[in-house]
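Residue numbers (the numbering used here): 5 to 222.
Where a beta carbon is used, it is the ideal one built from N, C-alpha and C, also for glycine.
Notes follow once the structure below has been shown.
Okay, here's the thing in structure tokens:
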């Protein structure tokens, strides 16, 4: 499995990671995880991509995101099989997990068209108060182990819709299906650096948390 950093699939430079199917105890994959240095590279890539991505119109972002949703859906069989292998989920639950990812991408695609500001009356009518919604920057997003793809959908789609960029870090015991999403994004040429996906140990999280680059941790 490859890390997805700055629009490229790269080998991890960190420790060897092992992923087991909890239903069978069988090892499903082993690969080199990301290093702390690669985590910072991913944050820097997201930071570089932010200005261009946030400047895109809603219509332009919509086209990129729908293309990603369509591409993920076309890989349903492979993604669901990978999800089952790493989580031990029954097929019905895995299909729900996968479906929520695709649905989230499309749902928030419509929601972003309804983002609006607000004008608030001043107490003595001496000022006009205007609330604007603007992208905040780079988001470091950590995913739960139990519904990996649903977590991707819940976090990734609002991030992209709002004009932010991100580094996604899946749980170390269930990283495979999320890394596969990175491969799909790479295949369709998703804008470089907007989405970065890395998998690694706690030190990777600590490096991102200490960095001044993220404007939000989630």
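CA-to-CA distance, residue j to residue i, given in whole angstroms
| i | j | result |
| --- | --- | --- |
| residue 255 | residue 65 | There is simply no residue 255 to check, as the chain begins at 5 and stops at 222 in what is shown. |
| residue 54 | residue 215 | 16 Å |
| residue 13 | residue 122 | 42 Å |
| residue 85 | residue 158 | 21 Å |
| residue 128 | residue 134 | 15 Å |
| residue 94 | residue 149 | 15 Å |
| residue 160 | residue 209 | 17 Å |
| residue 98 | residue 81 | 11 Å |
| residue 108 | residue 67 | 15 Å |
| residue 163 | residue 34 | 30 Å |
| residue 19 | residue 136 | 44 Å |
| residue 152 | residue 96 | 15 Å |
| residue 4 | residue 100 | Since the first and last residues shown for the chain are 5 and 222, residue 4 lies out of range. |
| residue 182 | residue 52 | 23 Å |
| residue 207 | residue 130 | 52 Å |
| residue 48 | residue 110 | 28 Å |
| residue 41 | residue 126 | 49 Å |
| residue 124 | residue 32 | 56 Å |
Nearest residue (CA-CA) to residue i, options the options
| i | options | result |
| --- | --- | --- |
| residue 39 | 7, 70, 89 and 50 | 7 |
| residue 92 | 70, 28 and 152 | 28 |
| residue 63 | 217, 165 and 187 | 165 |
| residue 26 | 5, 90, 18 and 184 | 90 |
| residue 30 | 168, 109 and 88 | 88 |
| residue 167 | 56, 43, 77 and 42 | 56 |
| residue 155 | 208, 95 and 103 | 103 |
| residue 220 | 24, 140 and 187 | 140 |
| residue 174 | 145, 33, 188 and 162 | 145 |
| residue 218 | 43, 101, 23 and 35 | 43 |
| residue 60 | 169, 182 and 201 | 169 |
| residue 195 | 124, 23, 71 and 33 | 71 |
| residue 191 | 78, 96 and 136 | 78 |
| residue 15 | 187, 125 and 193 | 187 |
| residue 58 | 202, 138 and 193 | 138 |
Segment limits, beta strand (DSSP E) that includes residue i
| i | result |
| --- | --- |
| residue 36 | 31 to 36 |
| residue 125 | 122 to 125 |
| residue 170 | 169 to 173 |
| residue 142 | 142 to 146 |
Endpoints, alpha helix (DSSP H) assigned at residue i
| i | result |
| --- | --- |
| residue 84 | 80 to 91 |
| residue 12 | Element bounds for residue 12: not the alpha helix (DSSP H) but the beta strand (DSSP E), 12 to 14. |
| residue 209 | 206 to 214 |
| residue 185 | 180 to 191 |
| residue 152 | 152 to 165 |
| residue 40 | 40 to 59 |
Cβ distance (whole Å) where residue i is taken to contact residue j below 8 Å
| i | j | result |
| --- | --- | --- |
| residue 10 | residue 197 | 5 Å |
| residue 76 | residue 105 | 7 Å |
| residue 21 | residue 180 | With 8 Å as the limit, residue 21 and residue 180 do not qualify as a contact, their Cβ atoms being about 10 Å apart. |
| residue 172 | residue 147 | 6 Å |
| residue 200 | residue 73 | That belief does not hold up - the Cβ atoms of residue 200 and residue 73 are roughly 19 Å apart, past 8 Å. |
| residue 177 | residue 83 | Actually they are not in contact, since the Cβ atoms of residue 177 and residue 83 sit about 18 Å apart, beyond 8 Å. |
| residue 50 | residue 36 | Not a contact, Cβ separation roughly 22 Å. |
Minimum Cβ-Cβ distance from residue i to chain C less than 9 Å
| i | result |
| --- | --- |
| residue 99 | In the displayed structure, chain C is absent; only one protein chain is listed. |
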